[in-house]
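Student:
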Amino acid sequence: MIAWILITLAINTLTFASPLAKRAYSATATYYGPPFEPAGPFGIGACGNDPIDRRYFVGVAANVYDGARCGQCVQLTHNGRTTIGPMADKCPGCKGAGLDISITMMNELTGSEEASVNAGYIDIEWEYVPCPQGRGVLGQNSFASVNKIGSAGSVTGSAPVA
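Numbers in our numbering are just positions in the sequence shown, counted from 1, shifted up by 7.
(1) Go ahead and label Glu120 buried or exposed: buried means 16 or more other beta carbons lie within 10 angstroms of its beta carbon, across all protein chains shown.
(2) Please list, in chain order, all residues of the same chain as Thr111 whose beta carbon is under 7 Å from its beta carbon, the five residues on each side excluded.
(3) Tell me whether the segment 76-89 and the segment 134-141 touch, counting them as touching only if at least three CB pairs, one residue from each stretch, are closer than 8 Å.
(4) Under a Cβ-count criterion, where at least 16 other Cβ atoms within 10 Å of its own Cβ denotes burial, should Asp96 be classed as buried or exposed?
(5) For Gly69, collect the residues of the same chain with a Cβ closer than 8 Å to its Cβ; drop the 5 residues on either side in sequence, then sort them by chain order.
(6) Could you give the DSSP three-state label for Ala68: helix, strand or coil?
(7) Can Thr35 and Gly87 be called in contact, C-beta distance under 9 Å?
(8) Is the beta carbon of Asp57 sitting closer than 9 Å to the one on His85?
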């Protein structure tokens with residue numbers, strides 16, 4: 008009887024824990040744009056949200072893009088250096104689980120703008136994480152925003168990070 012209960016608990020744990028498990032990706036990161044300018048040449052990205060700190064933003068490859076994760080932060084690691092920024096855009100040109108990131112984030116990962124420009128792209132590991140203070144999108148603090156701009160330009164909602 009005890010064995011049956013333990014087996015049942017193990018199966019239930021695996022079944023219910025799997026969707027909540029963190030997923031890390033190995034991919035390539037490129038960079039784009041000056042600081043995020045909602046009225047500028049890059050406009051508000053596919054997510055329809057505006058980063059609090061416009062120097063930090065991430066575009067996620069189209070094949071792993073999930074609009075429900077818009078505004079949630081992404082932590083990237085390259086050669087022991089780490090940076091965090093909110094998902095604000097989709098990257099249709101990115102391969103696999105690749106990211107297109109701000110030049111500020113690229114510089115933090117490579118050590119300098121010169122290294123970023125010379126490299127053009129870098130190998131990274133990345134995962135979704137809660138946003139630190141000041142790195143999310145407008146209308147959220149430590150929330151995984153699912154904010155969208157409606158036709159009238161209003162925010163339609165956000166959800167806390169689990």
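Glycine included, C-beta positions come from ideal geometry on N, C-alpha and C.
Tutor: With the structure as the only source:
(1) exposed
(2) Arg62, Tyr63
(3) yes
(4) buried
(5) Correcting the residue identity first, residue 69 is Ala in this sequence and not Gly. Once the five neighbours on either side are set aside, the close Cβ partners of Ala69 are Lys97, Cys98, Pro99, Cys101.
(6) strand
(7) no
(8) no
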